[in-house]
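Worksheet: the structure to be examined is printed underneath.
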Amino acid sequence: MTSDSASSTPRVLHWHEAADVILAATRAFSDRVVIGVTGSVAAGKSTLARRLSDTVVSTDHYLPNYDETPEALRDLAESSDLEGLARNIAALRAGCATDAPVWSFESHRREGMQRIEPARVVVVEGLHALHALPRAHLDIAVFVEASQPTRWSRAAAREAAGDRPWTREYLEHFFYHVAEPTFALHAAAYRSSAHFIVVNDARDGLTVHHAPSV
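Residue numbering for the sequence shown follows my numbering, starting at 514 and increasing by one per position.
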């Protein structure tokens, strides 16, 4: 699969088949494969990433320190260390271990570093996984999509489970007024650069769509 194939019509996948189809595509590569998975908040990026590999690099770890960044700028690609992300991906793709940052959803700032070892399949997942800087190092690009009501329901349930120390009121504010408009700035470009579009809109994760294969 080449970068040119992303300029053609992406293949749309059902949620239940996505991991198997994408992993099958990795067999076309004789060496290590780096898969990028993006999508808006609560689309299912992290869940899909974990189904694809045990080695997952989250773009969340490249976020800025929130206490040093105005709220409206926190999710912008320009505010994240995407150059550092690109360097880490390049190292893993070359078969080298790399030191990557650790960002905390409790303190909302960078708290240290972690060693990531190379693997046959590495997944980069997050809001800006298909940004031009990391995209240059990806072999397969995936865009996960779901409707806004579905994603808000998932985000609220995740917050209720205690995954992040935000009130529901602040989460709702951040979701609608920061995360959504910020991702929308890049969504069309990310989607058009994908090899696969994974639809994860129904409550059970299964939605039937059909599109030409790449």
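Backbone N, C-alpha and C define an ideal beta-carbon position, used for all residues, glycine too.
A quick note: this is a predicted structure, and the numbers were derived from the prediction, not measured.
Can you tell me which of the three DSSP states residue i falls into?
i: E530; result: helix
i: E658; result: strand
i: W679; result: coil
i: A613; result: strand
i: E619; result: coil
i: E685; result: helix
i: E693; result: helix
i: R628; result: strand
So, for residue i: in the same chain, excluding its five sequence neighbours on each side, which residues have a beta-carbon less than 7 angstroms away from its beta-carbon?
i: T663; result: D714
i: Y728; result: The structure shown has nothing for residue 728, since the chain only spans 514 to 727.
i: H686; result: none
i: L565; result: A532, I535, L536, I548, V634, V636
i: A610; result: R628, I629, E630, P631
i: F688; result: V554, W665, A668
i: V569; result: A562, R563, V636, E638
Rank the options by C-alpha distance to the C-alpha of residue i and give the top, closest one.
i: I696; options: L561, R667, A585; result: It is Phe, not Ile, that sits at residue 696 in the sequence shown. Of the listed residues, the one whose Cα sits closest to F696 is A585.
i: Q627; options: L640, L643, H574; result: H574
i: R587; options: P694, Y703, H708; result: P694
i: V615; options: V691, E638, R524, L576; result: L576
i: A632; options: W679, V546, F542; result: V546
i: L561; options: E530, F542, A590; result: E530
i: R623; options: E581, E682, H699; result: E581
i: L705; options: I629, A654, S593, H621; result: Checking the sequence shown, residue 705 turns out to be Ser, not Leu. Checked all of I629, A654, S593, H621; the closest Cα to S705 is A654.
i: S543; options: A590, L526, R606; result: R606
i: W528; options: H699, A659, E682; result: A659
Going along the chain, which residues of its own chain have a beta-carbon closer than 8 angstroms to the beta-carbon of residue i, five neighbours each way excluded?
i: P647; result: G549, T572, L595, L598, A599, I602, V637, H641
i: R671; result: A555, R677
i: N578; result: H621, R622, R623
i: G718; result: In this prediction, G718 scores a pLDDT of 42, lower than 50, which makes its location untrustworthy; no coordinate-derived value is stated.
i: W679; result: E672, F687
Enumerate in chain order the residues of its own chain whose CB-to-CB distance from residue i is below 6 angstroms, with the five nearest sequence positions on each side excluded.
i: L651; result: V547, G549
i: G557; result: V657, N713
i: L684; result: E672
i: A590; result: H641, H644
Legend entry - the stretch 526–536 touching the stretch 593–604, judged by at least three CB pairs closer than 8 angstroms: no
Inset, instruction - Could you name each continuous beta strand (DSSP E) segment of 3 residues or more that falls completely within the stretch 524–602, going from the start of the chain to the end? - result: 524–527, 546–551, 569–571
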